[in-house]
Amino acid sequence: MSLSNILRQFIEINKRLLTIGTLLVILLAIIGHLIRDQSIVLAFMMYIPLLPLGLWAILLDFWQAGRSLARFRFSLTFIGLGIAIWGGLSMTGANDLKTNTVSNPVSLLHWNVKWGGIGYDNYLKNQYQGDEWASIRQDISQRHPDIIVLSEPPQLDTWLDQLIQEMGAGWSLFKHNHTKRNGLAILSSWPLQFERLIKIRDGAAMSVVVTVRDQRLRLLLVDGKRSVRRLRTPRLTDIIQIAIDNQEQPIDIIVGDFNAVSRSLGFDAYTTAAGGYQLASKAAPVWRGTWPTLLPLYDIDHIWIHKRFQIFNVEMFSNLNTDHRGQKVSFQ
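According to our numbering, the stretch in the sequence shown is residues 1 to 332, in order.
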C-alpha cells in the first residue's frame with residue numbers, strides 16, 4: 001500500500017471519528033439543555049455552548065462535502081444549523097423594552113471588574129502602573145449611571161476613591177469583602193443605606209437601600225462562588241428565599257455575579273416569587289453572554305428587576321482589561 005493511500009485512509013478514519021464525536025457531543029448538549037442541571041453531570045452537559053457547537057458541525061460537514069452522514073447529504077449541516085439557531089436565540093434577548101417616554105429613569109450599572117483589571121494578587125501595592133483601571137473607570141463614568149454595583153472590586157480603597165472622584169461630587173460607596181479575594185461594592189450619588197449582610201450557600205449577599213430622586217430602592221447584592229463541582233440550585237434558592245421572606249420590606253433589584261447561567265433550574269422561581277422578577281438582559285435584543293469577555297458564551301452576571309418596574313433600555317459593554325462584560329439598565 002502506497003504512502004498516499006495510507007494517508008488517505010488515515011484522514012478518512014479521522015473524519016469518521018470527528019463526526020461520531022460531534023454527534024455524541026450534540027446529543028449530550030441537547031440532553032443537558034432540555035433536562036438542565038438536576039445533577040453535576042447534567043450541569044456539565046448544560047454548559048456545552050450550542051452556537052459554536054452548531055457552527056463546528058456545519059464546518060465539519062462542509063469539509064466532508066456534505067457526506068458526514070451516509071444516507072442524507074448535508075444532514076449534519078442541517079443538524080448543526082438547528083443547534084446554532086437554538087443557541088443563538090437562547091442567548092439573545094427579546095425586544096420587550098417599554099417605548100413610552102419617561103423623565104429621569106433610574107439607571108443601574110453592574111460589572112465584574114476583576115479587581116481593577118489586573119486580577120488577584122497577594123502583594124498589591126499602592127503604586128499602580130498601567131492603564132487597566134483607568135480604562136475601566138472611563139467606561140463606567142461615561143455612562144453616567146445613578147447606581148454602580150461592582151463585583152470583584154479593586155482591593156485598594158484608593159482605587160475606588162479614584163472612581164468616586166471621576167464620577168463627581170456627592171458620590172459615596174459601601175464595600176464589603178466576604179473573603180480575602182472576593183467582595184462587592186455599591187456606589188451612588190444618591191443616599192446609600194447599608195442594611196445587613198446575609199449568608200447564602202456558596203456565596204454572599206448584602207442588602208442596601210438607595211434613595212434615587214425620593215424613590216427608595218432596596219437592592220440585594222449577591223456574589224456566587226465559582227465551583228464547577230457544586231450545583232447552583234441551593235445558592236439560587238437561598239437568594240430568592242430572601243426576597244420571599246422580606247415582602248414587607250420588598251427587594252426591588254437582585255444584582256451581581258451569580259456564577260450561574262440563566263438556564264439554571266434555580267432561577268425558575270424568580271419570575272413568580274415575591275411578585276416576580278424580570279431578567280433585564282432578556283428585555284432587549286442584545287447578546288446576553290457576560291463571560292468570558294473575548295467569547296461571552298455564558299450569562300453568569302445578572303440584574304433581576306421586580307416586575308412592578310418597567311425596563312426602558314439595556315446596554316451590554318466590554319473592556320478587554322476584565323474578563324466579564326458589564327451591563328447598564330434603565331428602568332422606572
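Every residue gets a Cβ at the ideal spot worked out from N, C-alpha and C, and that includes glycine.
A quick note: this is a predicted structure, and the numbers were derived from the prediction, not measured.
Approximately 17 angstroms separates the beta-carbon atoms of residue 175 and residue 145; this is outside 8 angstroms, ruling out the contact.
In this structure residue 257 touches residue 224 by the C-beta definition: roughly 6 angstroms separates them, less than 8 angstroms. Of all C-beta pairs linking the segment 81-89 to the segment 302-310, fewer than three are shorter than 8 angstroms, placing the two stretches out of contact.
Per the C-alpha coordinates, the member of 46, 279, 173 positioned closest to residue 157 is 173. For the pair residue 58 and residue 42, the CB atoms are not nearer than the 8 angstroms cut-off.
Counting only runs of 4+ residues, the alpha helix (DSSP H) found wholly inside the segment 193-245 occupies 233-245, in chain order. If you draw a 10 Å sphere on the C-beta of residue 299, you find 16 or more other C-beta atoms in it, and that means buried.
In this structure, DSSP gives residue 93 a state outside helix and strand, which the three-state scheme calls coil.
For residue 185, the uninterrupted beta strand (DSSP E) run begins and ends at 183-188, by DSSP.
In this structure, residue 208 sits away from residue 197, with a CB-CB distance that is not shorter than 8 angstroms.
Here the C-alpha atom of residue 291 lies approximately 5 angstroms from the C-alpha atom of residue 324. In this structure, residue 19 lies away from residue 89, with their beta-carbon atoms at least 8 angstroms apart.
The beta carbon of residue 195 sits closer than 7 angstroms to the beta carbons of 207, 208, 209 from its chain, once the five residues preceding and following it are set aside; these are given in chain order. Within the DSSP bridge table, the entry for residue 10 names no partner.
Every unbroken stretch of the beta strand (DSSP E) spanning 3 or more residues and falling wholly within the segment 26-114 is given here in chain order: 106-112. No Cβ-Cβ contact shorter than 8 angstroms links residue 68 with residue 112. Every beta strand (DSSP E) of 3 residues or more that sits fully in the segment 133-192 is shown, in chain order, as 147-151, 172-177, 183-188.
Just so you know, the alpha carbons of residue 250 and residue 186 end up roughly 19 angstroms apart. Residue environment: residue 181 is assigned as exposed (fewer than 16 neighbouring CB atoms within 10 Å of its CB, all protein chains considered).
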